[in-house]
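Chemist: I have a structure here, written as structure tokens, and I will follow up with some questions on it.
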Amino acid sequence: MQIGEVATRTGLSLRTIRHYEETGLVVPSARSQGGFRLYTETDVQRLMVIRRMKPLGFTLEQMRDLLEVTDRLDAGTGLTGGEREALLERVRTYERAATEQVDTLRVQLSRAEEFADTLRARLEENGPLAGA
């Protein structure tokens, strides 16, 4: 699929997808005869991983590392039991970091909702604002 369809499916802008290409996180699987980037379902899934990591504060380097780990696990060939376990432990580390960040974001969201409720209550107590 071309970059426009990938952007629609992932919710990422064309500029963002190109940026991830420039940084080596996602490389189009092919080019059309006209030179257009062509992406596969696997490429889309990589972009979705990146899209999910970004709001949790992961760096581009961490994204790259996790993608490399999952690529190696998915390939599965040539891994010893120890290598496989080491890769799985790296995935566990990212899972724990993601869970911690989700918990932090839940607290922040709760506080933001409380604040919005406080403002809403104040507005209701004081009736319509002049000029509103």
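Letter 88 of the sequence shown, counting from 1, is numbered 71 in the numbering used here, and no numbers are missing.
All residues carry an ideal CB built from backbone N, CA and C; glycine is no exception.
Only a predicted model underlies this, so the values are computations on that prediction, with no experimental measurement involved.
Does the pairing of the region 34 to 54 with the region -11 to 7 give three or more beta-carbon distances under 8 Å?
Modeler: The region 34 to 54, when compared against the region -11 to 7, does touch it at the 8 Å Cβ threshold.
Chemist: Taking the alpha-carbon positions, what's the Leu88 to Asp48 distance?
Modeler: 23 Å
Chemist: Which residues mark the beginning and the end of the alpha helix (DSSP H) in which Ser93 is found?
Modeler: Gly64 to Glu108
Chemist: Just to confirm, is the Cβ distance from Leu50 to Leu70 under 8 Å?
Modeler: no
Chemist: Report the three-state DSSP secondary structure of Leu21 (helix, strand or coil).
Modeler: strand
Chemist: Go through its chain and collect everything with a Cβ distance to Ala13's Cβ below 6 Å, but skip five positions before and after it.
Modeler: Within its own chain, the residues whose Cβ lies closer than 6 Å to the Cβ of Ala13, once the five positions on either side in sequence are excluded, are Leu21, listed in chain order.
Chemist: Report yes if the C-beta distance between Val27 and Val52 is below 8 Å; otherwise report no.
Modeler: no
Chemist: Tell me, which residues are paired with Ala13 by DSSP?
Modeler: Leu21
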